[in-house]
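Residue numbers (the working numbering): -1 to 334.
Positions of the beta carbon are idealized from the N, C-alpha and C atoms, including for glycine.
Structure, as C-alpha cells:
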Amino acid sequence: MDEAKTPQPRAGPEARDGNNWSGSSASRAPRTEAEAFLTLSAMRGIGPKTLFEWAEEGSSYRAILSEGPSDQPSGWRERRAEAADRAVKMRELLEHLQVRLILRSDREFPARLLELTRPPHWLFVQGSVDRLNEPSVAIVGTRKPSNDGIFLARYVGACLRDWSVPTVSGLAAGIDQLAHEESLRSGVPTIAVLGTGILEDYPKGLSGVRERILAGGGAIITEYLPRASYSGDNFVQRNRLQAALACILIPVEWKRRSGTAHTVRFASALKRPIACLRLPYWPHDRVQFEPGLGLETGALFTVPREQDAFDRFVRDSIGETAPEATKQLSLFGEDD
C-alpha cells in the first residue's frame, strides 16, 4: 500500500524539456522525453514495469532509446526503427484526441500525487491539465448502490455548487458515475481517473459522458498505456490516484471488503480527511471506521441533521471559508 511521504522536487533537465510531439516523424530522433517514452512503449517486450523501473533509476528515455539499455539483446537499432513507425501513429492519434502525456518531471504534474510512495512517472491527460492541481473532492462508492446510496450521492451532488471545486471519481458504474453526473448538473468540473488506457472504451457506452466531462472543463486521466485493458489490480492502483489527487474523500456507500475500501485505505495512509455519511435511521454499525480505514482522519455525519458540520468539514479540507450565516430578525427586537 502506498503511504504518505514528503513530496520531492521535480529535478532533472527533462523538467524543461516539454512534451509537445506535434510535427514528429519516424525519420528523426525523438526531441522530447515524451516522444522517446512513446517509442519505447511501442517496442515489443518493453512494458510499463520496465519503463517505470528505468525512470526510478533516473535514466533518460531519450538516452535509452538512442543507446539501448545494457541488458537488451542485439538488434536494438532494428527494433527501434520498427517501433518508431508505431509510435508516430500513436502520437498522431493522441494529438488528434487532444491527449497529453505529462511526465513526473514536468511542472504541470499534479503535486499531490507526489505524496504517494510510488507516484506514477507519467499520466495521459485528456482535457484540462490545470484541474489536476486545483483543490478537489473525491466522491466514490459501490457499483451497486441502494436507494439510500443513490440519495446520498445526489445529496452530496447538491452541495457541489457551493463548494465550487472540481470533483474526482473513477467513471465506474454506480456511485462514481453519479458523482460525475451530479458534478455536470451543478456546473462543476469533474476528473475521471481510469483503470484502463485512455483509448479503451471502458466502461462501455460512456462516450457521451466522457465528452460532457471534457466540454465541462474537466479531465480524463490514466497512468496506463493508451491501449491497456482493465484488470482488478489496475483498479486498485487507480484508487490510490483518486485518494491522492483530491484534498478530501467522500465515500458515499461502501463495504469493508470492496474497491472503495482500498480508496479509503489509501486516503487514510495519505492523511486525507474522510467524510462518511449516514442517514438517521441507519444502524450505528453500518458505517464504522477502523485503524487504517478512516479512523485517523475520518468523520461521520448524519445528514441532513448534521449538514452544517459536514459542510464545514469539507470547506476546511479544501481551504474554503463558509459563507457568513444570515442573522435572523427577532420579532421582539434586540436583547439588551
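Relative to the alpha-carbon of residue i, which residue among the options has its alpha-carbon at the smallest distance?
i      : options                        : result
Ser39  : Ala79, Thr261, Gly215          : Ala79
Gly139 : Phe50, Gln240, Gly185, Trp161  : Gln240
Val191 : Ser144, Ile219, Tyr279, Ser205 : Ile219
Phe149 : Pro302, Glu209, Asn131, Asp128 : Pro302
Leu182 : Arg152, Tyr200, Lys202, Gly203 : Arg152
Ala85  : Glu132, Glu33, Ile100, Pro117  : Glu33
Met41  : Asp83, Ala53, Asp69            : Asp83
Ala267 : Asp199, Pro289, Gly66          : Pro289
Arg89  : Tyr200, Leu101, Phe35          : Phe35
Rounded to the nearest angstrom, what separates residue i and residue j at their Cα positions?
i      : j      : result
Val250 : Ile173 : 7 Å
Phe287 : Gly214 : 35 Å
Thr319 : Ser227 : 42 Å
Leu158 : Arg60  : 43 Å
Asp314 : Asp146 : 26 Å
Lys269 : Gly317 : 16 Å
Ala265 : Ile44  : 32 Å
Ala242 : Gln305 : 25 Å
Arg254 : Leu176 : 21 Å
Glu31  : Ser58  : 7 Å
Gly21  : Val186 : Legend: pLDDT at Gly21 = 43, less than 50; position of this residue unreliable, no value from coordinates given.
Asp160 : Asp309 : 9 Å
Arg335 : Ser72  : The requested residue 335 is not part of the displayed model; the chain covers only -1 to 334.
Leu277 : Thr295 : 21 Å
Glu180 : Pro143 : 15 Å
Trp19  : Arg116 : Reliability fails at Trp19, whose pLDDT of 40 lies under 50, so the model's placement of it is uncertain and the value that follows must be treated cautiously. Approximately 27 Å, taken between the alpha carbons.
Arg77  : Gly56  : 23 Å
Ser68  : Phe50  : 16 Å
Leu92  : Trp252 : 35 Å
Glu113 : Glu132 : 15 Å
Report the three-state DSSP secondary structure of residue i (helix, strand or coil).
i      : result
Ala273 : strand
Ser167 : strand
Ser20  : Here the model assigns Ser20 a pLDDT of 43, short of 50, so the residue's position is not dependable, and the following value carries that caveat. It is coil, neither helix nor strand.
Leu298 : strand
Arg14  : Only weak support exists for where Arg14 lies, its pLDDT of 36 falling under 50; the value from the coordinates is given anyway. Helix at Arg14.
Ser315 : helix
Gly257 : helix
Val154 : helix
Ile173 : helix
Ile44  : coil
Ile196 : coil
Ala244 : coil
Trp52  : helix
Ala27  : coil
His282 : coil
Phe149 : helix
Look up residue i in the DSSP assignment and give the residues it is bridged to.
i      : result
Pro249 : Val138
Leu101 : Trp120
Gly292 : Glu288
Val191 : Ile219
Gly125 : Ala217
Below 7 Å between beta carbons: does that hold for residue i and residue j?
i      : j      : result
Arg141 : Ala170 : yes
Ser134 : Val166 : yes
Thr194 : His178 : no
Arg292 : Val262 : Sequence check: residue 292 is Gly here, not Arg. It is a contact, given that the beta carbons lie within the stated cut-off.
His260 : Asn232 : no
Asp137 : Ile248 : According to the sequence shown, residue 137 is Ile rather than Asp. A contact, by the Cβ cut-off of 7 Å.
Ala273 : Ala297 : yes
Pro28  : Thr37  : yes
Ala337 : Ser103 : Missing from the structure shown is residue 337; the chain here goes from -1 to 334 and no further.
Pro224 : Leu197 : yes
Leu111 : Glu221 : no
Arg98  : Val123 : yes
His94  : Ala53  : no
Pro271 : Ile246 : yes
Phe299 : Leu275 : yes
Please confirm if residue i has its CB atom under 7 Å from at least one CB of chain D.
i     : result
Val97 : This model lacks chain D altogether; it includes just one protein chain.
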